[in-house]
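Asker: Below is a structure I'd like to ask you about.
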Amino acid sequence: MKITILYFSQSGNTERAAEMIKEGAESAGDVEVRLMNLAAGDGAVDGDFLSESAAVIVGTPTYMANMAWQLKKWLDTDKTRLAGKLGAAFATANFAHGGPDIAVLGILQHLLVKGMLIYSSGTGCGKPIIHLGPVAIAGELDKSRDLFVLFGKRIAEKALELFG
Ligand SMILES: Cc1cc2nc3c(=O)[nH]c(=O)nc-3n(C[C@H](O)[C@H](O)[C@H](O)COP(=O)(O)O)c2cc1C
Numbered sequence: 075m076k077i078t079i080l081y082f083s084q085s086g087n088t089e090r091a092a093e094m095i096k097e098g099a100e101s102a103g104d105v106e107v108r109l110m111n112l113a114a115g116d117g118a119v120d121g122d123f124l125s126e127s128a129a130v131i132v133g134t135p136t137y138m139a140n141m142a143w144q145l146k147k148w149l150d151t152d153k154t155r156l157a158g159k160l161g162a163a164f165a166t167a168n169f170a171h172g173g174p175d176i177a178v179l180g181i182l183q184h185l186l187v188k189g190m191l192i193y194s195s196g197t198g199c200g201k202p203i204i205h206l207g208p209v210a211i212a213g214e215l216d217k218s219r220d221l222f223v224l225f226g227k228r229i230a231e232k233a234l235e236l237f238g
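According to our numbering, the sequence shown holds residues 75 to 238 in order.
Quick look at the structure:
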C-alpha cells in the first residue's frame, strides 16, 4: 500500500516532522511511503504515486496562524482525485500559541471538501491523544518525535485496515 506525505517546508522543520511520520508509517507493515516537499518546485509531486496512495498526510509550517500559502495554492489548484482516500494533517510553528492547530484545521477542511476520509486517531487509540493532528515547535522538534512517529503508525494502520 502506498502512502504520500505531502507538505511545504522551506527551512526544514516540517520536513523533519514528515520524516518522523514516515518512520512510524513504515513500522505499520507493508507500506511504501514517499515524501513530497512542494518547496522542491517542479517535479516535487509524483502524480502517479499520489493517485495510487491509499492515504495522504498533509503538512505545513504555520504562516500567520494558518497554513502556508504555497500549500493552500497546491490544494486549491491541484486536480488529483483525492476523494475516498484517508487524509490527515500536521503542522510546525514557532510558538504553541502561534496557530498550528488552526493550520491543521485549515488543511482538514480542504481534505473534507475534496471528499477524503479525514482521521487523526483522536481519543480512539487511547493515550497519548492526538487531537486534530500533531504539531511541533521549531527548535523543539525532538520533544514531539514520539508523537509524530506514533501518528504515522496509526494513520498507516488505519489505511491498512480500510484498504489493505
Ligand atoms: C512568513 C512566515 C510566517 C510565519 N508565521 C508564524 C505564525 O503565525 N505562528 C508561528 O508560530 N510561527 C510562524 N512562523 C514560523 C514557522 O511556522 C516555523 O518556523 C516553521 O517551523 C517553519 O517550517 P519549515 O522549517 O518547514 O519551513 C512563520 C514563518 C514565516 C516564514
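Heads up, the beta-carbon is just placed ideally off N, CA and C, and yes, glycines get one too.
Taking contact to mean 3 or more Cβ pairs, one atom from each stretch, closer than 8 Å, check whether the region 214–230 and the region 85–104 are in contact.
Answerer: yes
Asker: For ligand 1, is there any heavy atom lying closer than 7 Å to the beta carbon of MET138?
Answerer: yes
Asker: So what does GLU23 bridge to, in DSSP terms?
Answerer: This structure leaves residue 23 out entirely; the chain is present only between 75 and 238.
Asker: Taking its Cβ as the centre, do 16 or more other Cβ atoms sit within 10 Å of TRP148, making it buried, or is it exposed?
Answerer: buried
Asker: Given this structure, state the Cα-to-Cα distance separating MET138 from GLY180, to the nearest angstrom.
Answerer: 12 Å
Asker: Among TRP143, ASP120, GLY172, which residue has its Cα nearest to the Cα of THR154?
Answerer: Comparing Cα-Cα distances from THR154 to each of TRP143, ASP120, GLY172, the minimum goes to ASP120.
Asker: Assuming ASN87 and THR151 are in contact, meaning their beta carbons sit under 8 Å apart, how far apart are those beta carbons, in whole angstroms?
Answerer: That belief does not hold up - the Cβ atoms of ASN87 and THR151 are roughly 25 Å apart, past 8 Å.
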